[in-house]
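Which chain is which? The protein sequence lines are B and F, in order. Sequential numbering from 1 applies to the first sequence in the working numbering. Sequential numbering from 1001 applies to the second sequence in the working numbering. The structure appears right after this line, and notes come after that.
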Amino acid sequence: MVPFAQRLEHLGYAELKASQVNILQVNLGWRCNQSCKHCHLLAGPHRPEQMEADTIEEVIRVVQRWSLPLVDLTGGAPELNPHFEYLVDRLHELGTHIISRSNLTVLLEPGKEHLPEFFRDRRVELICSLPYYQEEPVDRLRGPGAFKKSLKALRRLNRLGYGQKDSDLKLHLMYNPAGAYFPPEPGPLEALFRRELAAHYDIHFHHLYTLLNMPIGRFKEYLQKSGNYERYLGRLMAGFNPATVDGLMCRYLISVSWEGHLFDCDFNQALDLPLTPGLPQTIWEFELPTLRTRPIHLGDHCYGCTAGTGSSCGGRLVEG
Amino acid sequence: MSHYYEERDLERFGEIGKYCPDLYERFMGYYQAVMAAGALSGREKALIALAVAHAVQCPYCIDAYTRGSLEAGSNLEEMTEAIHVATAIRGGAALIHGLQVHNAAAKISI
């Protein structure tokens, strides 16, 4: 395998650097009510890792101090962090645009049923995992009953105005493959999801994003057990597309872990690949001028973001 | 010869271009143009390819278009239906030739 950094060097990127920090992606912890087979973090119900109150205060301070326009909340299930609502409230007061990533089923958990209204009142944009428009692949990936629960949560969100045409309550779905293959082109798949979910379940959404499964964490375990690992990596490498490099998400966001450590992305966080030495390493040391053009800590998993039309937390990076 | 068809040989397809590269390039250009979305979507074409792969019983094509269909967003129900279409046409094609039997028999029968 040609190391990713070497591949970029041949393209003239001796050092891949960030272009800006428009997004602070906050991982509130690895606790989740699900244990999805594709999870890159090995998140699940028994994970103890949760961002604590003092770290959350620092996140709020950093967003305010540096006027960061967008905060992207993720996990685990971010809603399970006991300080989640406090954080959203404070960010909303600051006028920051908030994206929260939801697995949907958590919205039915005891004590969390009020969250759809909470989100609506704070104009939180939602990106919700729904790997397919049918039950079997969804339950295979996310656990028995996940599909039906997801539909129930989506119906509640739709009733509040989320995902409805012309509504500014944004509700997007996130597709990821249920196996060792790459995601489809989002355009035709979005049309298919829209048609099928409306026809069978009267469910509506704004956009469908597609995300490639990164060969790390629980998904890597699956690839290795099923004998697909080498081939999957080979296909990622063979699919390397230089046109994706400009839009790589690590060039526009910075990720903060539940412990307050800074990373170039959530995948580096999963692999414990910190920011390049010499840079601020924690949220307490956050210095936007230093971080906005920082060199990115690359690894071979980065091939996962540059294959084909590319992949990111906001879907593909270039047109197919 | 334990395995006549080696799974990894599909990745070596380009080696066919070593000889007659011009013909290979023309074929690949044609192939890619055919499989690109047009009046039919890429997803529909992948399902047709999967059905044809079964009709011609090519293990490489079955592998390639199982993956291709999944990567185009199809599900196993749709893919299995496509295989049934190939099966029906293959079966029907065999059966309609029964008339040739009847014709041939009639020709040599009193």
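Each residue gets a CB set at the ideal place from its N, CA and C atoms; glycine is no exception. Predicted, not measured: the structure shown is a model, and the values here were computed from it.
So which of the options has the shortest CA-CA distance to residue i?
i: Ile98 (chain B); options: B:Leu107, B:Ile127, B:Leu108; result: B:Ile127
i: Ser257 (chain B); options: B:Tyr175, B:Gly308, B:Leu273; result: B:Leu273
i: Thr210 (chain B); options: B:Phe193, B:His204, B:Val106, B:Val63; result: B:Phe193
i: Gly260 (chain B); options: B:Glu185, B:Leu115, B:Cys250, B:Ile56; result: B:Ile56
i: Arg1067 (chain F); options: F:Gly1042, F:Glu1025, F:Ile1089, F:His1097; result: F:Gly1042
i: Val245 (chain B); options: B:Tyr13, B:Met1, B:Thr74, B:Phe286; result: B:Tyr13
i: Ser35 (chain B); options: B:Arg142, B:Leu317, B:Leu298; result: B:Arg142
i: Lys165 (chain B); options: B:Ala53, B:His206, B:Arg122, B:Ala178; result: B:His206
i: Asn176 (chain B); options: B:Glu185, B:Asp168, B:Lys170; result: B:Glu185
i: Asp1009 (chain F); options: F:Leu1023, F:Ala1064, F:Pro1021; result: F:Ala1064
i: Glu93 (chain B); options: B:Pro69, B:Leu107, B:Leu80, B:Cys313; result: B:Pro69
i: Cys265 (chain B); options: B:Cys313, B:Ser67, B:Tyr201, B:Pro280; result: B:Cys313
i: Asp72 (chain B); options: B:Arg65, B:Leu91, B:Leu80; result: B:Leu91
i: Asn158 (chain B); options: B:Gly145, B:Phe119, B:Arg140, B:Gly179; result: B:Phe119
i: Ala1051 (chain F); options: F:Ala1033, F:Ala1036, F:Leu1076, F:Gly1038; result: F:Leu1076
i: Arg170 (chain B); options: B:Gly179, B:Phe182, B:Tyr181, B:Leu154; result: One point to set straight first is that residue 170 (chain B) is Lys, not Arg, in the sequence displayed. It is B:Leu154.
i: Glu85 (chain B); options: B:Glu136, B:Phe147, B:Met51; result: B:Met51
i: Leu236 (chain B); options: B:Phe182, B:Glu109, B:Phe147; result: B:Phe182
i: Gly1038 (chain F); options: B:Gly234, B:Pro188, B:Arg231; result: B:Pro188
i: Tyr299 (chain B); options: B:Leu279, B:Thr293, B:Ala243, B:Leu233; result: A small fix is needed here, since residue 299 (chain B) is Gly in this sequence, not Tyr. Minimum Cα distance to Gly299 (chain B) is reached at B:Leu233.
Could you check where the alpha helix (DSSP H) with residue i kicks off and where it finishes?
i: Val138 (chain B); result: 135-142
i: Ile1089 (chain F); result: 1076-1096
i: Val88 (chain B); result: 84-94
i: Thr306 (chain B); result: 303-306
i: Asp321 (chain B); result: Any question about residue 321 (chain B) goes unanswered here, given that chain B covers just 1 to 320.
i: Asn268 (chain B); result: 266-271
i: Arg1067 (chain F); result: 1059-1071
i: Thr282 (chain B); result: Segment: none, Thr282 (chain B) is in no alpha helix (DSSP H) and carries neither H nor E.
i: Glu1044 (chain F); result: 1042-1055
i: Val256 (chain B); result: That residue, Val256 (chain B), is in no alpha helix (DSSP H); its beta strand (DSSP E) goes 253-256.
If you measure from the beta carbon of residue i to each beta carbon in chain B, is any gap under 8 Å?
i: Leu1040 (chain F); result: no
i: Leu1070 (chain F); result: yes
i: Arg1067 (chain F); result: yes
i: Gly1073 (chain F); result: yes
i: Gly1043 (chain F); result: The amino acid at residue 1043 (chain F) is misidentified as Gly; the sequence shows Arg. It does; some Cβ of chain B falls within 8 Å.
Leaving out five residues on either side along the sequence, give the residues of the same chain with a beta carbon under 8 Å from the beta carbon of residue i.
i: Cys39 (chain B); result: Cys32, Gly217, Arg218, Phe219
i: Asn327 (chain B); result: Here chain B covers residues 1 to 320 and nothing more, so residue 327 (chain B) does not appear.
i: His114 (chain B); result: none
i: Ile1016 (chain F); result: Tyr1024
Can you tell me whether residue i is buried or exposed? The criterion is at least 16 other CB atoms within 10 Å of its CB, across all chains shown.
i: Phe1013 (chain F); result: exposed
i: Ile254 (chain B); result: buried
i: Phe1027 (chain F); result: exposed
i: Met1 (chain B); result: exposed
i: Arg316 (chain B); result: buried
i: Thr309 (chain B); result: buried
i: Asn1103 (chain F); result: exposed
i: Gln6 (chain B); result: exposed
i: Tyr303 (chain B); result: buried
i: Glu190 (chain B); result: buried
i: Asn22 (chain B); result: exposed
i: Ala146 (chain B); result: buried
i: Glu79 (chain B); result: buried
Sorted by chain position, which residues of the same chain lie with C-beta nearer than 6 Å to residue i's C-beta, five sequence neighbours on each side aside?
i: Gly76 (chain B); result: Gly29, Trp30, Arg31, Cys32, Ala43
i: Tyr133 (chain B); result: Phe193, Glu196, Leu197
i: His1054 (chain F); result: Ile1083, Ala1086
i: Met1152 (chain F); result: Lying before the first or after the last residue shown, residue 1152 (chain F) is absent from chain F, which here runs from 1001 to 1110.
i: Tyr162 (chain B); result: Leu169, Leu171
Mind checking if residue i is an interface residue toward chain F, Cβ cutoff 8 Å exclusive?
i: Leu224 (chain B); result: The sequence given here has Gln at residue 224 (chain B), not Leu. No, Gln224 (chain B) lies away from the interface with chain F (no Cβ there is under 8 Å from its Cβ).
i: Leu192 (chain B); result: yes
i: Tyr181 (chain B); result: yes
i: Pro274 (chain B); result: no
i: Glu109 (chain B); result: no
i: Pro69 (chain B); result: no
i: Glu185 (chain B); result: yes
i: Leu189 (chain B); result: yes
i: Pro277 (chain B); result: no
i: Pro215 (chain B); result: no
i: Pro137 (chain B); result: yes
i: Gln20 (chain B); result: no
i: Gln134 (chain B); result: yes
Give me, in chain order, the residues of the same chain whose beta-carbon lies closer than 7 Å to that of residue i; leave out the 5 immediate sequence neighbours on both sides.
i: Thr282 (chain B); result: Gly260, His261, Leu262
i: His301 (chain B); result: Met214, Pro215, Ile216, Phe267, Leu271
i: Pro1059 (chain F); result: Tyr1005
Cβ of residue i within 7 Å of any heavy atom in the ligand SAM?
i: Asp89 (chain B); result: Looking at this structure, you won't find the ligand SAM or any other ligand, since it has none at all.
First and last residue of the beta strand (DSSP E) that includes residue i?
i: Thr210 (chain B); result: 208-210
i: Asn241 (chain B); result: No beta strand (DSSP E) contains Asn241 (chain B), which DSSP labels as neither H nor E.
i: Asp72 (chain B); result: 70-74
i: Tyr175 (chain B); result: 171-175
i: Asn27 (chain B); result: 23-27
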